[in-house]
Amino acid sequence: MCAVLLCRSKLLLLALLLTLQGCSSLKESHFVPQSPEGLSEWRVEGKFALFADQGKSKSYFTYQQVGENYELVVLMDDPVGAPRAVIRGNVFESGRSTVDASGGAEALSIARHLHDAIDTAKLSYWLRGLPATEDATLYQEDMYLADRIEEAGWEIEYRDYMSLQGGYRLPSEIKFEADGKSLVWEMVRGDTGFLSHPCEQGVSDATVAASVDPARAPDVVGQLVPRDGRAPLPRWINEVDFCRQLAKIHDNKLPSSREGLFGPDSMMWKLDGLGAPPAFGAGRALLLQVAHPWVTAGIDQHSEVRNDPLGRARRTFYHISSMVFGSMPQVMASANQVRNIHEEIEGEMTEQAGAFHHGSAYRANEVSAMIWVHATLWETIVHMYEKLEHKLTPQEKDQFYEETKLFAMLFG
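Given below as structure tokens:
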């Protein structure tokens, strides 16, 4: 009987998730993509095939630009492997790029073949669907997306585009044709920011480096829940606190930027990857969260959950999924977006709620309230996983608890 109920529950969940996915994928005629011309940090990855000078070269690759500098990394036949050869240069200095190889003669040969066939500095523009110079001829039916570019002896055909975080659309398939040369690029994913710096709060690296973590209270539990029955003293999370926490986990300080904050061997992926435990536990977690008066006040006065419950659920699901499963740039993008949303949520208690007095101030970016929400979320996932799947060992629970601390750092 329990097995039948569980099966039916999972079918119901699947229907709900498909509904949410349908809502998120409805075509928006008013959608205007961000201009890729303004990107100062971005990366795409995929594979290329070059036919030139009676020779053929193919490889997986990444192309990354930070500021004026770019790197085109040749990965050979391993899409997530170590760099085998690297072409480096400045986007404003065509013809002055360098080729370095650490992966043997074949990788060096492919990198040089590509380097000699095409201006890799101009690729910075062409891989974003942009003309590199004013001498280019641009063809487009869509107001925002190029169909074809003729430039520097190349006819460049844009066959498809992909949507990336931040409202950007970059090419996912491009074919280059020139006299005696053909080059096909297929991009499978990309990042549009947060490659060199984790924070967009206007805080300098020097300021973050000079700041220190607050001293640990001798009675942490008593700080969160005062033993004399008073409400906890508010502790607002400012921009420096937030950026300092992100800086601890950004970029190369974790094993793989591509795998993100946790990775496939983590308990976080195991418990969240099935979909059922987090989704079925959403109501339970929310019920616990609104037991905190500051959380209730914020939802009551600011949330769109009454007018747009599916949209609100979809946005929450999107950001949590990005933080758990996304690459490090995607993790940092969602962390900054959520902080910006929370920064607008502040006010005063409209009535007495136990020790929380009428007229007292609250903010979404407050330590005590965030710790409460954090605890309800992850305790609920463990609870629902054990109800729907199987019991976890004490070691697995300890590992999951330690991993949730990384998630908490994304909120400061």
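Under the numbering used here, the first residue of the sequence shown is numbered 3, with each subsequent residue one higher.
The beta carbon of each residue, even a glycine, is placed where N, CA and C say it ideally should be.
None of the values given here were measured: they were computed from a predicted structure.
| Check | Outcome |
| --- | --- |
| Is ILE383 near GLY283, with beta carbons less than 8 Å apart? | yes |
| Quick one: is LYS124 buried, meaning 16 or more other Cβ sit within 10 Å of its Cβ, or exposed? | buried |
| When you compare only the Cα positions, how much space is there between PRO331 and GLY195? | 6 Å |
| Is ALA123 helix, strand or coil when you go by DSSP? | coil |
| Have a look at SER46 and GLU353 and give me their C-alpha separation to the nearest angstrom. | Reading off the sequence, residue 46 comes out as Val, not Ser. Distance between the alpha carbons of VAL46 and GLU353: 51 Å. |
| From this set, ALA113, PHE94, ASN92, SER96, which residue's C-alpha is nearest ASP102's C-alpha? | ALA113 |
| Please report the distance separating the alpha-carbon of SER324 from that of SER336. | 7 Å |
| Mind checking ARG360: buried by the 16 CB within 10 Å criterion, or exposed? | The sequence shown places His at residue 360, not Arg. Flag for HIS360 reads exposed. |
| Buried or exposed, going by whether 16 or more other CB atoms sit within 10 Å of the CB of PRO38? | buried |
| When the Cα atoms are used, what is the spatial distance from ALA212 to GLY40? | 30 Å |
| Throw me the rounded Cβ distance for the GLY131 and LEU166 pair, which I believe falls under 8 Å. | The pair is not a contact, with the Cβ atoms about 12 Å apart (cut-off 8 Å). |
| Note down, in chain order, each residue of its chain lying with its Cβ closer than 7 Å to the Cβ of SER126, except the 5 sequence neighbours on either side. | GLN67, TYR72, VAL93 |
| Out of HIS117, TRP128, LYS272, VAL190, point me to the one whose CA is closest to ARG98's CA. | HIS117 |
| Cα-Cα, which of ALA249, LYS389, HIS199, ARG171 is closest to GLN36? | ARG171 |
| Measure the C-alpha to C-alpha separation of SER198 and ALA134 and round it to an integer number of angstroms. | 24 Å |
| Pull up the CB-CB distance for VAL186 and ALA51, whole angstroms please, since I reckon it's below 8 Å. | 5 Å |
| Give the secondary structure of GLU388 by DSSP, where H, G and I count as helix, E and B as strand, and everything else as coil. | helix |
| Pick out the complete beta strand (DSSP E) segments inside the region 154 to 194, 3 residues or longer, and give them in chain order. | 156 to 166, 170 to 180, 183 to 193 |
| One question on the structure: do TYR364 and MET372 come within less than 8 Å of each other, judged by their Cβ atoms? | no |
| What residue from TYR62, PRO228, LEU74, GLN56 has the CA that sits closest to TRP44's CA? | LEU74 |
| Which same chain residues end up closer than 7 Å to GLY169 when comparing Cβ atoms and leaving out the 5 residues on each side of it in sequence? | PRO35, GLN36 |
| Assuming GLU157 and GLU179 form a contact by the criterion Cβ under 8 Å, report the distance between their Cβ atoms to the nearest whole angstrom. | 5 Å |
| Rounded to whole angstroms, what's the CA-CA distance from LYS399 to ASP221? Just pull it up for me. | 24 Å |
| Looking at the unbroken alpha helix (DSSP H) that takes in THR100, where does it start and where does it end? | Counting along the chain, THR100 falls outside any alpha helix (DSSP H), though it belongs to the beta strand (DSSP E) covering 100 to 103. |
| If we count the other Cβ atoms within 10 Å of its Cβ and call it buried at 16 or more, is SER305 buried or exposed? | exposed |
| Would you list, in sequence order, the uninterrupted alpha helix (DSSP H) runs of no fewer than 4 residues that lie entirely inside the region 324 to 406? | 330 to 345, 369 to 390 |
| Are MET269 and GLU405 closer than 8 Å when you measure CB to CB? | yes |
| Just how far apart, CA to CA, sit THR122 and PRO85? | 17 Å |
| In chain order, which continuous runs of the alpha helix (DSSP H) of length 4 or greater are located wholly inside the region 221 to 246? | 222 to 226 |
| Express the C-alpha separation of PRO236 and LEU288 in angstroms, rounding to a whole number. | 22 Å |
| Can you look up THR139 in the DSSP assignment and give me helix, strand or coil? | strand |
| Assign SER61 to one of three DSSP states: helix, strand, or coil. | strand |
| Nearest to GLY69 by CA position, among SER42, PHE53, LEU77, is which residue? | SER42 |
| Tell me which residues share the same chain as PHE413 and place their Cβ nearer than 6 Å to its Cβ, disregarding the 5 neighbours each side in the sequence. | MET372 |
| Count the other CB atoms, across all protein chains shown, that sit within 10 Å of the CB of TRP380; report buried if there are 16 or more and exposed otherwise. | buried |
| Between PRO295, ALA377, CYS245, which lies nearest to VAL214 when the distance is taken from Cα to Cα? | CYS245 |
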